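First comes the structure, then the notes that go with it.
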Amino acid sequence: MVSFYWPWMLLLLLAVPVLGWVMARRSPAAVRFSSIGLVKGCPLSWRVKLRPVLIAARLVCISLIIVALARPRKGTVISELSKEGIAIEAVIDRSGSMRAEMAYEGRKLSRLEVVKEVLTAFIKGDGKRFTGRDGDLIGLVTFARYADTVCPLVHTHDALVQFIRQTKNVEVQSEDGTSIGDAVALAAARLKKAEEQITARQVKMGLAGQAGAADFHIRSKVILLLTDGRNNAGRYHPLAAADLAQRWGIKIYAIGIGSGQAFATIQTLAGTMRIPVSADLDEELLKAMAERTGGFYARADDAQGLIQIVQRINQMEKTAVKTQVVQYAEAFHWWAWPALALLVAEVLAGCTVFRKAP
0 MVSFYWPWML
10 LLLLAVPVLG
20 WVMARRSPAA
30 VRFSSIGLVK
40 GCPLSWRVKL
50 RPVLIAARLV
60 CISLIIVALA
70 RPRKGTVISE
80 LSKEGIAIEA
90 VIDRSGSMRA
100 EMAYEGRKLS
110 RLEVVKEVLT
120 AFIKGDGKRF
130 TGRDGDLIGL
140 VTFARYADTV
150 CPLVHTHDAL
160 VQFIRQTKNV
170 EVQSEDGTSI
180 GDAVALAAAR
190 LKKAEEQITA
200 RQVKMGLAGQ
210 AGAADFHIRS
220 KVILLLTDGR
230 NNAGRYHPLA
240 AADLAQRWGI
250 KIYAIGIGSG
260 QAFATIQTLA
270 GTMRIPVSAD
280 LDEELLKAMA
290 ERTGGFYARA
300 DDAQGLIQIV
310 QRINQMEKTA
320 VKTQVVQYAE
330 AFHWWAWPAL
340 ALLVAEVLAG
350 CTVFRKAP
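For reference, each letter of the sequence shown is one residue, going 0 to 357 in numbering that gives the first Met the number 0.
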């Protein structure tokens, strides 16, 4: 969309026709005579006939300059910021067992790849099952034996989606494991810190009489936990982490990935091999964690089940009011440069082809 920073400048365009009439009426004579009766019937040359073109060029030049002074800008909507929204920490298991195969839209992908596909659609929208979470605060924590903050909580999600797509299964055996408790505790701490920072910024900007990003309010805080395993590493017991989340007003939506015996495709020196991956999903623990915080636990046996669970969460956690964030690119030069070129051409033509004598 195109807009003007100073649209009132365009009112000057109303004076351009008046200026043209004045310029045409007051065009100075080349030579002054007491009477032009003797030469009145002489034919006019093409230069004389076309001389009004100079006035027209000058008027067009002035019009272009006025438009340029109004500062035309091209705006692009880069996001929709919610005045009251959801803060979501996506917590993804990237342990070795998440290599197990799962069918997704006719392809055989790993559980981790399916989680990444569904989570990306949930965040950005896919035009079919998800509309996207524009304006919500969303961050990413991944874990195997250790939990890591991969992306902080952000309003705009392009970088977040890139981080999700770059998430890989753990490669080093010593780093493999499932530290559900540490990951949930880390995610809860990030959500609490974000809420404190927003509150502090609101107070600071309120005292200064300012508005803007500080108008955002976190309506609810959510941890979206996706795992296929059992807690076997880390400092925090998962229930202790859930207690932290409950104390800080954070809901946990836990999703168990996969069912029964599964296989993973790995590359070895002998070539590609499919190896069995044992199922060790601690559903009772995940259910207890979710229930303590007012969330829920659900099991996704396949990709379609995962999509349906995430759709359910998407419907439950709705953002209220949204405002657009628009990025503007200045476009005044598209008017200023033609104005300059036309002015130069008009001056040169007046001094050469349409020059008056004397």
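Backbone N, C-alpha and C fix where the C-beta goes; we use that ideal spot for every residue, glycine too. This structure is a prediction, so every number in the text was calculated from the model and none was measured.
Residue i, enclosing beta strand (DSSP E) - first and last residue
i, result
"V90", "E83 to D92"
"L223", "H216 to T226"
"A253", "I249 to I256"
"K107", "R106 to S109"
"M101", "E100 to Y103"
Buried or exposed by the 16-neighbour rule on C-beta atoms within 10 Å, applied to residue i
i, result
"H332", "exposed"
"L12", "exposed"
"D133", "buried"
"E112", "buried"
"S178", "buried"
"S94", "buried"
"W334", "buried"
"S96", "buried"
"D157", "exposed"
"R246", "exposed"
"L10", "exposed"
"D227", "buried"
"A212", "Model confidence at A212 stands at a pLDDT of 46, short of 50, so the residue's coordinates are unreliable; what they give is reported in the following sentence. The residue in question, A212, is exposed, as its Cβ has fewer than 16 Cβ neighbours within 10 Å."
"V21", "exposed"
Short Cβ contact (9 Å threshold) for residue i with residue j
i, j, result
"A102", "A184", "no"
"F142", "V90", "yes"
"V140", "E88", "yes"
"I61", "L18", "yes"
"A69", "Y4", "yes"
"L280", "I312", "no"
"L305", "V160", "no"
"G233", "G294", "no"
"L285", "A253", "yes"
"K115", "T166", "yes"
"L190", "I122", "no"
Cβ neighbours of residue i in the same chain (closer than 7 Å, five flanking residues each side left out)
i, result
"T130", "G124"
"A193", "A86, L136 and L152"
Neighbourhood of residue i by C-beta, 8 Å cutoff - its chain only, sequence neighbours within 5 removed
i, result
"V1", "P71, R72, K73, G74 and A330"
"E282", "G255, Y296 and R298"
N- and C-terminal bounds of the alpha helix (DSSP H) containing residue i
i, result
"E290", "E282 to R291"
"E345", "H332 to C350"
"A239", "P237 to R246"
"A14", "A14 to R24"
Spatial neighbours of residue i in its chain, beta-carbon cut-off 6 Å, leaving aside the 5 residues before and after
i, result
"S109", "R98"
Contact with chain D by residue i, beta-carbon distance below 9 Å
i, result
"G124", "You won't find chain D in this structure, because it holds only one protein chain."
**OP:** Report the residue ranges of all alpha helix (DSSP H) runs contained in full by the region 127-183; include only those spanning at least 4 residues, in chain order.
**Re:** 157-165
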